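Numbering (the numbering used here), first residue to last: 10 to 147.
Where a beta carbon is used, it is the ideal one built from N, C-alpha and C, also for glycine.
Computed from a predicted model, the values in this text were never measured in an experiment.
Here the structure comes first, spelled out in structure tokens, and everything after it is commentary.
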Amino acid sequence: MVEEYSKIADEVVVIISDPKKDSSLRKTPSGRIISPEMSKQIWEIYTKPLKNVKVIISNKPSPVVAAYDYIETLKDVDVILGASKKGDDWKRWTTAPAYFEKHGFPVLIKDPKESAVDAKFDNMSATDFRNNLQNGPD
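Right under this line is the structure:
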């Protein structure tokens, strides 16, 4: 998805949330916690060839809240909220355009359904990637 967005956007920002609840932590099957810092390192490896991508860590525990928090710092830009067409992932953003317009933020949120991209790995998820880290280095 990030690669697809990097082709059409001036800048792509991958925002990593910082879960606080034990049930929300990113873990391998053995219980090894994948910290936001580890997630950032992984993302930076994958996105290194993409010159218009930056990866940041938010202190917010929710990915949606982290994205909203970041967008509130922007001004006079068009925003595409990253989403896959897989499983109607884009629906998490359906209220975003109205929210930012109602609160007077100077951004234009592109229609989430229209801006969603096809995932290259329809049969894989973030959980699958975390599970593959099971045997990785400490």
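Should residue i be labelled buried (16 or more other beta-carbon atoms within 10 Å of its own) or exposed?
i           : result
residue 121 : buried
residue 113 : exposed
Could you tell me which of the options sits nearest to residue i, measuring between CA atoms?
i           : options           : result
residue 116 : 99, 68 and 79     : 79
residue 61  : 12, 70 and 40     : 12
residue 94  : 108, 88 and 102   : 102
residue 111 : 92, 53, 81 and 75 : 81
residue 16  : 89, 51 and 50     : 89
For residue i and residue j, what's the separation of their Cα atoms in angstroms?
i           : j          : result
residue 42  : residue 33 : 10 angstroms
residue 77  : residue 83 : 10 angstroms
residue 86  : residue 10 : 20 angstroms
residue 44  : residue 38 : 15 angstroms
residue 124 : residue 40 : 35 angstroms
residue 65  : residue 22 : 7 angstroms
residue 1   : residue 29 : The requested residue 1 is not part of the displayed model; the chain covers only 10 to 147.
residue 100 : residue 24 : 18 angstroms
Tell me whether the beta-carbon of residue i lies closer than 8 angstroms to the beta-carbon of residue j.
i           : j          : result
residue 72  : residue 27 : no
residue 126 : residue 14 : yes
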